[in-house]
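Notes follow once the structure below has been shown.
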Amino acid sequence: MAKNVLGGELIPCSMDPLTGFFRNGKCDTRAEDQGMHTICVQMTDVFLAYSKSVGNDLSTPISEFGFQGCKDGDYWCLCLSRWIQAYDDGYAPKVRLESTHASVLEFLELQLLEEYAVVR
Numbered sequence: 001m002a003k004n005v006l007g008g009e010l011i012p013c014s015m016d017p018l019t020g021f022f023r024n025g026k027c028d029t030r031a032e033d034q035g036m037h038t039i040c041v042q043m044t045d046v047f048l049a050y051s052k053s054v055g056n057d058l059s060t061p062i063s064e065f066g067f068q069g070c071k072d073g074d075y076w077c078l079c080l081s082r083w084i085q086a087y088d089d090g091y092a093p094k095v096r097l098e099s100t101h102a103s104v105l106e107f108l109e110l111q112l113l114e115e116y117a118v119v120r
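Anchor point for the sequence shown: position 25 equals 25 in our numbering, and the numbering is continuous, going up by one each time.
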């Protein structure tokens, strides 16, 4: 059973849009996931525009892959390196901690993630 950064069971990030490297709704990972789609983030228009500007267009639908495109308010399993890049550039989106894979803690401190935690 995969764990989240809080030590509990990894819960789904989003079923609509369906996210995750394995398209099972979870930010789960294994060796094949070289992009480490492990951090569950809440999309904003500002982040989507930023992401598109650095070559990762998450808002435009790609029907042949069944991708409807993300919009403001959606949750998505983002590549860890993209979140770090957005953080470094001042555009890091909020993080859903209970849906973020524990492996993220090998690269980021929990305290930093908590500063960016989605408030419910």
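Glycine included, C-beta positions come from ideal geometry on N, C-alpha and C.
For residue i and residue j, what's the separation of their Cα atoms in angstroms?
i      : j      : result
Trp-83 : Leu-6  : 18 Å
Gly-66 : Thr-44 : 21 Å
Grouping DSSP H, G and I as helix and E and B as strand, with all else coil, what is residue i?
i      : result
Tyr-75 : strand
Gln-42 : strand
Phe-65 : helix
Gly-95 : One detail in the question is off: residue 95 reads as Val in this sequence, not Gly. In this structure, Val-95 counts as strand in the three-state DSSP scheme.
Buried or exposed for residue i, please, with buried defined as at least 16 other CB atoms from any protein chain shown within 10 angstroms of its CB.
i       : result
Ser-192 : What is shown of the chain runs 1 to 120, which leaves residue 192 out entirely.
Lys-71  : exposed
Phe-21  : buried
Following a CB-centred definition, is residue i positioned closer than 7 Å to any heavy atom of the ligand NAD?
i      : result
Gln-42 : For the structure depicted, the ligand NAD is absent and the ligand set is empty, with no information on it obtainable.
How is the alpha helix (DSSP H) around residue i delimited, first residue to last?
i      : result
Val-46 : 45-53
Asp-33 : Here Asp-33 belongs to no alpha helix (DSSP H), and DSSP marks it neither H nor E.
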